[in-house]
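Working notes, beginning with the structure itself.
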Amino acid sequence: FINEVASIGRIHHANVTKLIGFCVERSKQALVYDFMSNGSLDKIIFSEENTNTLGWKKMFDIVLGVARGIDYLHQGCEMQILHFDIKPHNILLDENFIPKVSEFYSVDDSFVSLTAAQGTIGYIVPKLIYKILEVSHTKSMFIALECY
């Protein structure tokens, strides 16, 4: 747990949740992150009240911020981190609606275990498949762009 805290504590990006502390009490462990006053993205886009006051520009900025956060986790920080469960619930919004990617997991670059993968059942992150099939980074980027 302490190693995880040390690793996560070194992650610094405007679009990734920031670890501000941790707590260990007997067998209970907790990570403490910045408070996100606007909650998760799913609360806004799936609201039954239809009070979504975010315009297209703000939604585009949110999408761009999420992409930047994921890119940082994949390629920008010193350890490789893959997000196994990208969904609106795991995108948190601060007081200015700046998106923060949350709930991510570190992965040892030399070994990929599909049995240990976490996230939504029935979904596996494409980067894992590309890595297993030994598809080049350039080709995987092309394939990923075609999927979206």
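Just so we're aligned, residue 1 is where the sequence shown starts under UniProt numbering, counting upward by one. Every residue gets a Cβ at the ideal spot worked out from N, C-alpha and C, and that includes glycine.
Hey, how far is the Cα of residue i from the Cα of residue j?
i, j, result
"VAL101", "GLU78", "17 Å"
"MET59", "ILE81", "25 Å"
"TYR33", "LEU92", "11 Å"
"PHE22", "LEU64", "29 Å"
"SER37", "ILE20", "16 Å"
"GLN29", "ILE8", "15 Å"
"LEU54", "SER27", "42 Å"
"GLN75", "SER47", "33 Å"
"ILE70", "VAL24", "29 Å"
"LYS18", "GLU49", "30 Å"
"PHE1", "LEU31", "10 Å"
"ASP61", "HIS13", "16 Å"
"PHE142", "PHE35", "Because PHE142 sits at a pLDDT of 40, beneath the cut-off of 50, its placement in the model cannot be relied upon, and the following sentence gives the value as read from the coordinates. So the alpha carbons of these two residues sit roughly 36 Å apart."
Which stretch, first to last residue, makes up the beta strand (DSSP E) that contains residue i?
i, result
"LYS87", "Run containing LYS87: none; DSSP gives neither H nor E here."
"PHE22", "19-25"
"ALA30", "28-33"
Using beta-carbon positions only, say whether residue i and residue j come within less than 9 Å of one another.
i, j, result
"VAL5", "TYR72", "no"
"PRO88", "ASP42", "yes"
"ILE86", "VAL66", "yes"
"SER40", "ASN96", "no"
What are the boundary residues of the alpha helix (DSSP H) that residue i is part of?
i, result
"VAL101", "That residue, VAL101, is in no alpha helix (DSSP H); its beta strand (DSSP E) goes 99-101."
"ARG68", "56-71"
"ALA14", "Looking at the DSSP string, ALA14 is not in any alpha helix (DSSP H), and its letter there is neither H nor E."
"ASP42", "41-45"
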